[in-house]
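Note that the sequence shown ends on residue 401 in this note's numbering; no numbers are left out.
This report refers to the structure that appears directly beneath it.
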Amino acid sequence: MKIMLGRIWDSIKFGETVLLEHSATTPTALGLCHLIKWAKGKEYDVLIDDILDSLYLYKMQMKLSGCGDEILDNVKVIKAGGRLEVGKVIERLSIKEPVIQEREYRRVFDPLLEETKVVNPVVGFEKLLLLADSKREIITTLNNILSFVGDERRIAFYFINVDVLESITPKGFAIAGGNCNDRC
């Protein structure tokens, strides 16, 4: 499995944004663990976006699976909401309307991209969509992802729990290229 994942990670180019859709029962912590090991093996910086303490759940799953949660100890983290610290938290952002949140995020993120190429796993993104007050906010939040596509200083991996998304407007998810299983 490691070799297959390594080949998949190797095939992805800087500038790409990857949506990794999963169900609530998928052991995604193993995927994140392998992704971090792959990135560190290639000497890329890893910067995780932790939305509403999702990274803590990944850490616990890594620990229970035997993958080793200590891999997260030296990883840079930008926290959006939440209170549980995992990794080296370099900035805490509050959950606000999407336009303000993107501006604050870029203030922190852009200088980090000047230093080196970054592998950027994002965990808990679906929670931002769940918290959106309107379809417009869902669209704005999804468009925030698009603004990073093509930035060859980073590869982003959005771990998306599609079970959480079933409770929001499926059409908003379809815009992101998601699979609504014929519900859209």
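Every residue, glycine too, gets a C-beta built ideally from N, C-alpha and C.
Separation of residue j from residue i, as counted between CA atoms
i, j, result
"residue 334", "residue 368", "10 Å"
"residue 237", "residue 383", "16 Å"
"residue 234", "residue 243", "21 Å"
"residue 309", "residue 321", "10 Å"
"residue 258", "residue 241", "29 Å"
"residue 362", "residue 272", "19 Å"
"residue 400", "residue 357", "Only weak support exists for where residue 400 lies, its pLDDT of 40 falling under 50; the value from the coordinates is given anyway. Roughly 22 Å separates the two Cα atoms."
"residue 313", "residue 256", "31 Å"
"residue 264", "residue 330", "10 Å"
"residue 293", "residue 223", "22 Å"
"residue 392", "residue 365", "Its pLDDT being 49, under 50, residue 392 is placed unreliably by the model, and the measurement read from it follows with that caveat. Near 16 Å, if we compare the C-alpha coordinates of residue 365 and residue 392."
"residue 346", "residue 262", "27 Å"
"residue 285", "residue 337", "19 Å"
"residue 239", "residue 232", "22 Å"
"residue 246", "residue 355", "26 Å"
"residue 324", "residue 297", "14 Å"
"residue 254", "residue 260", "10 Å"
"residue 305", "residue 326", "14 Å"
With 16 other Cβ atoms within 10 Å as the buried cut-off, status of residue i
i, result
"residue 328", "exposed"
"residue 352", "exposed"
"residue 227", "exposed"
"residue 221", "exposed"
"residue 340", "buried"
"residue 396", "The predicted position of residue 396 is uncertain, since its pLDDT is 49 and thus under 50; no value can be drawn from it."
"residue 291", "exposed"
"residue 311", "exposed"
"residue 283", "exposed"
"residue 281", "exposed"
"residue 248", "buried"
"residue 332", "exposed"
"residue 398", "Caution is warranted here: a pLDDT of 47 is assigned to residue 398, below 50, making its placement in the model unreliable, and the coordinate value is therefore given only provisionally. So residue 398 counts as exposed."
Sub-8 Å separation of residue i and residue j beta-carbons
i, j, result
"residue 316", "residue 267", "no"
"residue 372", "residue 229", "yes"
"residue 413", "residue 295", "In the structure as shown, the chain begins at 218 and stops at 401. Residue 413 is therefore absent and cannot be evaluated."
"residue 279", "residue 250", "yes"
"residue 344", "residue 379", "no"
"residue 269", "residue 299", "yes"
"residue 435", "residue 252", "The requested residue 435 does not occur in the structure, where the chain is confined to residues 218 to 401."
Endpoints, beta strand (DSSP E) assigned at residue i
i, result
"residue 308", "305-310"
"residue 297", "293-297"
"residue 262", "262-268"
"residue 237", "234-239"
"residue 366", "No beta strand (DSSP E) contains residue 366, which DSSP labels as neither H nor E."
"residue 338", "335-340"
Where the alpha helix (DSSP H) containing residue i begins and where it ends
i, result
"residue 379", "379-382"
"residue 283", "That residue, residue 283, is in no alpha helix (DSSP H); it is neither H nor E in DSSP."
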